[in-house]
Every structure is written in structure tokens, then in C-alpha cells.
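Q:
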Amino acid sequence: MTTAQTQELDVQPSPLALLLLGREADPNSERGVECPGELPSPSDPDLVERARAAKEKLGSKVFVLGHHYQRDEVIQFADVTGDSFKLARDAAARPEAEYIVFCGVHFMAESADILTSDQQKVVLPDLAAGCSMADMATAEQVAECWDVLTEAGVAEQVVPVSYMNSSADIKAFTGKHGGTICTSSNARRALEWAFQQGEKVLFLPDQHLGRNTAVRDMGMSLEDCVVYNPHKPNGGLTDEELRAAKMILWRGHCSVHGRFSLESVNDVRERIPGVNVLVHPECRHEVVSAADYVGSTEYIIKTLEAAPAGSKWAIGTELNLVRRLANRFAPEDKQVVFLDRTVCFCSTMNRIDLPHLVWALESLAEGNLVNRIEVDEETEAFAKLALERMLALP
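In C-alpha cells, the structure reads:
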């Protein structure tokens, strides 16, 4: 529908619609969508050369991190690639870099700021590159949840475990309440540690990783798990349900991994006889149960690296990575397809495009610090405590 048509119908775009379209800023949100300068045109044929020139001008002063889910046009300029925690640690290992340009999403840049020195400045090319999962658990909601657990008489038995895909505020809450952070690779170790400290776990913010780890990897039952819904009174749970549960799962999920279904698995098996289904543990429990292999992003990459020639793989994770893997392993006669018929990028991760990267690098090269991500001292201290507990896991 054109602007003229909307005017004829007297239809006005909502503030949310304008925000999503990048035409307005929300003063009540930590993430804006406007840059303090003009972005280069996405059709500028010189974008690649401009990015290269700005990066060369900055030299060792800049270190560019590229998450696996980034688009190829951005990942080509990354000094290192990886998942969120690996990248944050890589940044901390480069103290000579004054600027850390994080091509990822907001919570990842926060983690990099927490783990790097005070002299280093973390830059996110587009402040609107958030994470829908991380945004499903706010500090206020989690504090209210803890009050519910306290009133039910179980808070003293509960150890919070928060997924790396969470805001600095949630990591800080976790550290303050004796908990730890986990990644999709070490979630089982984190839960085993937590159950040595208490009788129950509050798992934030991804219910699927928590459920899959507890049931699939640790032998618990689905009945041991309850889901706390922050939008319902008492989380939608009775005191009796909270007292009986071992795993209190936050009602959050990844918008990309949550779209894969059991029908997706059954369909791809019919279409591609002999296919191996390999999915991320952020997928729903029924998808993980039906898959042949389950693991983190790094696990997915290593599994395909070790796969024999002629093998067929359907991958349940973000499309940019799946497409990159398909191209990489095609010469080795490995067939790699997306698990779902309907392709799906991570929309917020894809906000980091070449124009935003060029703008950020050129601004830094001109001496202008833009889009800095900075975590306040108290939040950083408690979040770092939770991260250090994870690093100390056996």
C-alpha cells in the first residue's frame, strides 16, 4: 500500500510501525533507530572499498567481531567470527584495540563491554539490532518473579541460570542471586552446578534450551518443568506447582529457532531420503527429540566439517549461517539445506548491514565515537560475577 493510498483511507502508521521501519525513535526505549549522521546508500557501489579503506586507516585501533548469523557482506570484514561468548572473549584478548566493533546484537555488545577493559570502547553499528529473546525478560519482570518465588516459600531453594542471550541487567540479577550464566554448549554443566547449590533452577530467558537440557541431557521429565509467564499473575503458576517443580522456565524463545516444527522435520525426511537433521537446542522440544543431532552453532559447524562426502544435512538454525555452510561444503559433495521450506533470517541481526558498518568505521576513522555500548559499573560488577562463575565451571 502506498503513502497516497493510506492517506486516502485515513490510515496512520502506528508509532511501533514507524519504529520498525526505522523512521522514528522511541524515547522510552534503550535502543533508538536513528544514526547521528547520514548512512551511505545501500546501492553505493563503493561501499566495500569504503569499508576496507576505513578499516585500514584505523589499523590495530579497531577489532571487528562478526557473529555467525551476520550476512556475508558484513562478515567479510570481521577479524574473527564465532558465537556471542567466543567473540566477547576474543575482544577481551585484544587489549591493544581501542575500538571493538561488534557486528551482532545488543546483548552481545554488552557482554563485550563487560569483559573488555575500561580503555576499550564497544561499538554496535546499529543500536536497533536487538534480540527478541533477550527482550522477553526485563529486569522489572524478573524482580517480580523473584517476589513470587519468595511468597511461595521457594526462593531460597532456587538458583538462577541465565542464558548468554540475555541483557546485562538479567546477567547482573543472576550474579546478585548466586547464579551463573550458560551458553548452549555448557548448559548441562551449568545446570549440574546449579543443582549442587540448590534444589530448583530458574532458567532465563529461553524456555526451550532449559527444557531440552534438563529433559534430553539430564534425564528429567517434562513434569519436572513449569513455565513462568511474566504476563500472567503469579506467572500463571500456583504455589504448589512452584514447590513441585525442579526447573522453572521463563516463557521466552528465539524467534528464528522457535519457528521450526515437527512438521518441518517430517517434511524434509520425505523430500530428502537419508537426510541428517541437525538442530540448535533453542528449537522446540519436539523438534529436538525428532532430530538426529543437536548442538550449539559451533557444534553444527564442526559436525559438518567432520561429515563424510555425499552426506545430506537439514539444519535448524539461522539462514545466513546455513547458506554459508551450504556454499562452503558443496565442493566436498555435502548437501546442506535449511530445515524449513520457508526461509527465515534473524531480522534484528540483519540490521547490521554494510551501510551501517561503513558509517561506523568511517566515523571512528574521523575521530568520532558513535553508538558506544556502555554498561554501568554496578550492573557490570554483578554480571561479571555471574560470567566468572561460568568460566569456573569444571
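In my numbering, the protein residues as written are 222 to 615. Here a beta-carbon is modelled for each residue, glycine too, at the ideal position from N, C-alpha and C.
1) Which ranges does the beta strand (DSSP E) cover as unbroken runs of at least 3 residues, wholly within the region 402-459, from first to last along the chain?
2) Between the alpha carbons of P266 and F328, how many angstroms are there, rounded?
3) Based on the DSSP secondary-structure assignment, which residues constitute the bridge partners of H478?
4) For a test of the three-state rule: what should DSSP assign to L242, helix, strand or coil?
5) Run through DSSP, which three-state label would I594 get?
6) Going by C-alpha to C-alpha distance, which of I573, T600, Y449 sits closest to C187?
7) Taking buried to mean at least 16 other C-beta atoms within 10 Å of its own C-beta, is L608 buried or exposed?
8) For my contact list, N535 and V489 are in at a C-beta cut-off of 8 Å; report their separation, rounded to the angstrom.
9) Go to T524, then tell me how far its beta strand (DSSP E) extends in each direction, as first and last residue.
10) Could you pull out every residue in the same chain whose Cβ sits closer than 8 Å to the Cβ of E218, ignoring the five residues on either side in sequence?
11) Across which residues does DSSP place K342 in a beta bridge pair?
12) Should the region 337-351 be regarded as contacting the region 369-376, the criterion being three or more beta carbon pairs within less than 8 Å?
13) How is the alpha helix (DSSP H) around Q362 delimited, first residue to last?
14) Give every residue of the same chain whose Cβ lies closer than 7 Å to the Cβ of A330, excluding the five residues on either side of it in the sequence, and list them in chain order.
15) Could you give the distance in angstroms between the alpha-carbon of L614 and the alpha-carbon of I402?
16) If I follow the unbroken alpha helix (DSSP H) through H197, where does it start and stop?
17) In this structure, what does DSSP give as the bridge partners for T302?
18) Going by beta carbon distance, what residues of the same chain come within less than 7 Å of W414, once the five residues before and after it are set aside?
19) Does the distance from the C-beta atom of K555 to that of K533 stay below 9 Å?
20) To the nearest angstrom, how far is it from the Cα of L575 to the Cα of S517?
21) Mind reading off the beta-carbon distance from N497 to Y520? Whole number of angstroms is fine, and I expect it under 8 Å.
22) Classify A186: buried if its beta carbon has 16 or more other beta carbons within 10 angstroms, exposed otherwise.
23) Can you tell me the Cα-Cα spacing of R472 and N433, whole angstroms?
24) Express the C-alpha separation of V579 and L585 in angstroms, rounding to a whole number.
25) For L458 and E317, I'd like the C-alpha separation in whole angstroms.
26) Taking 8 Å as the limit between beta carbons, can you name the residues of its chain near A511, skipping five residues before and five after?
27) How far does the alpha helix (DSSP H) with N541 in it reach, from first residue to last?
28) Going straight from the alpha carbon of Y320 to that of S281, what length do you get?
29) Distance check for A350 and G243, CA to CA, integer angstroms please.
30) On the premise that M354 lies in contact with D427, defined as a C-beta separation below 8 Å, what is that separation, rounded to the nearest angstrom?
A: The answer reads as follows:
1) 421-425, 446-449
2) 32 Å
3) Answer is none; H478 lacks a bridge partner.
4) Unreliable positioning characterises L242 in this predicted model, as indicated by a pLDDT of 41, which lies under 50. The coordinate reading is nonetheless provided below. Coil at L242, not helix or strand.
5) strand
6) Because the chain here runs from 222 to 615, residue 187 falls outside it and cannot be looked at.
7) buried
8) First, the amino acid is wrong: residue 535 is Ala here, not Asn. Contact flag correct, Cβ pair sits at about 4 Å.
9) Taken as a continuous stretch (DSSP letters only), T524 belongs to no beta strand (DSSP E), being part of the alpha helix (DSSP H) at 518-527.
10) The chain is shown only over 222 to 615; residue 218 falls outside these bounds and no answer can be derived.
11) Y320
12) no
13) 360-372
14) F323, V343, L345, I594
15) 10 Å
16) Outside the modelled stretch of the chain, which goes from 222 to 615, sits residue 197, for which no answer is possible.
17) G287
18) T401, L614
19) yes
20) 27 Å
21) N497 to Y520, Cβ: 13 Å. No contact.
22) The displayed coordinates of the chain run from 222 to 615. Any statement about residue 186 would go beyond what the structure contains.
23) 14 Å
24) 10 Å
25) 50 Å
26) L483, V486, N487, V498
27) 540-550
28) 9 Å
29) Summary for G243: the model assigns pLDDT 42, below 50, so the residue's position carries little reliability; its value from the coordinates is reported in the next sentence. Rounded to whole angstroms, G243 to A350 spans 11 Å at the Cα level.
30) 6 Å
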